[in-house]
Amino acid sequence: METSASIHHGPYESIPSSASPGLRFLQRLLPALDTLDPTDHPIGPLFTPNAPVLIGSNPPSAASQAVPLLEVRSRHLERFHHHLHVAWDLDLSHDSGPDHTSYSYPTTAADGEGHIDAEQSDLYAPLRGNIRMKRTVMFEATCETVFKNDPDQFPVKVREFNVVDLEGRDESDLQVVEMRIFMDSRPVQARAASLQMESAFGESQREADPG
């Protein structure tokens, strides 16, 4: 069946109130992903507990394990922000999809550490109840990271592409049932490693010359 799509160009702050349900959800999701104060924009309610979160080629983890890691970023980061370039919202409510979708799996299997077993599931964790709304939001953004211990406050910018699958009984009930993030995290890792080395070197210098 035909799938309708909506497109938004520009920052997520400029998504209008008249936008499609998926784009309006994105306007709530990105501030929750960006905030360093989890009480400001709670992110937990936006995900189903077992929603797989996949970053690059790493094994998927359940949202119940990934979300707490986001909530402690303030210990290490001064700033974290998605500069949205373009977003697409696909209405899949009338799309029966492939044979193995969230309609045929009641739960998503996860081990004790929150890792999803791809052999036991199709990587979807549907909401309970009568699912009437199913959407996929894709967006391209530049993610900016500034570390707290960086004396230069240098913004590390990484381009990324994300695919977010949503399901719910209606728009107010939409939640993420799967999120896939495609990015090269090496610049962020390299900056973190460099700052750690500088900190360790400075500490050794102070110990060698206490006066």
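In this note's numbering, the protein residues as written are 5 to 215. Using N, Cα and C, we set each Cβ at its ideal position, and we do this for glycine too.
State the CB to CB distance for the pair residue i and residue j, rounded to an integer number of angstroms; the pair is presumed to be in contact (CB under 8 Å).
| i | j | result |
| --- | --- | --- |
| ALA36 | PRO46 | 7 Å |
| LEU94 | THR140 | 5 Å |
| GLY60 | MET187 | 7 Å |
| ARG136 | SER176 | Their Cβ separation, rounded to whole angstroms, is 12 Å, which puts ARG136 and SER176 out of contact at 8 Å. |
| HIS12 | ALA91 | 5 Å |
| GLU164 | HIS89 | That belief does not hold up - the Cβ atoms of GLU164 and HIS89 are roughly 10 Å apart, past 8 Å. |
| PHE84 | ASP38 | 6 Å |
Residues bridged to residue i by DSSP?
| i | result |
| --- | --- |
| LYS161 | GLU148 |
| VAL90 | HIS13, GLU144 |
| ASP95 | SER8, ARG139 |
| PHE84 | THR149 |
| ALA70 | Looking at the DSSP assignment, ALA70 forms no beta bridge with any residue, so it has no partner. |
| VAL56 | In the sequence on display, residue 56 carries Pro and not Val. Note: PRO56 sits in a beta bridge opposite ALA66. |
| GLY172 | MET137 |
| GLN179 | GLU171 |
| ILE185 | ILE59, ASN166 |
| PHE51 | VAL180 |
To which residues of the same chain is residue i closer than 6 Å at the C-beta, ignoring the five residues directly before and after it?
| i | result |
| --- | --- |
| GLY58 | The residue you asked about is not Gly; residue 58 is Leu in the sequence shown. Here the set comprises PRO64, ARG184. |
| HIS82 | Residue identity check: residue 82 is Glu in the sequence provided, not His. Excluding sequence neighbours, GLU82 sits near VAL150, LYS152. |
| LEU34 | TYR16, HIS86 |
| SER78 | LEU40 |
| ALA70 | VAL57 |
| LYS217 | Since the first residue of the chain shown is 5 and the last is 215, residue 217 is not available in this structure. |
| ASP169 | THR140, VAL181, GLU182 |
| PRO191 | VAL160, VAL162 |
| LEU178 | PHE29, LEU170, GLY172 |
| SER189 | none |
| GLU75 | PRO42 |
| VAL167 | MET142, ARG184 |
| GLN193 | none |
| LYS138 | LEU96, SER97, GLU171 |
| GLY14 | none |
Who are the Cβ neighbours of residue i in its own chain at under 8 Å, not counting the five residues just before and after it?
| i | result |
| --- | --- |
| ASP154 | GLU82, ARG195, LEU199 |
| ASN134 | ARG173 |
| LEU27 | SER10, HIS12, ILE19, ALA91, ASP93, VAL141 |
| ARG32 | HIS45, LEU50 |
| SER21 | ARG28 |
Any heavy atom of the ligand ZN closer than 7 Å to the Cβ of residue i?
| i | result |
| --- | --- |
| ALA67 | Among the components of this structure there are no ligands whatsoever, and the ligand ZN is therefore not found. |
Here's a check: name, in chain order, each residue in its chain whose Cβ is nearer than 7 Å to the Cβ of residue i, leaving out the five neighbours to either side.
| i | result |
| --- | --- |
| THR7 | LEU94, ASP95, LEU96, ASP99 |
| MET201 | none |
| ALA23 | SER10, HIS12 |
| HIS80 | PHE151, LYS152 |
Task: the segment 40 to 56 contacting the segment 173 to 192, beta-carbon criterion three pairs below 8 Å - done: yes
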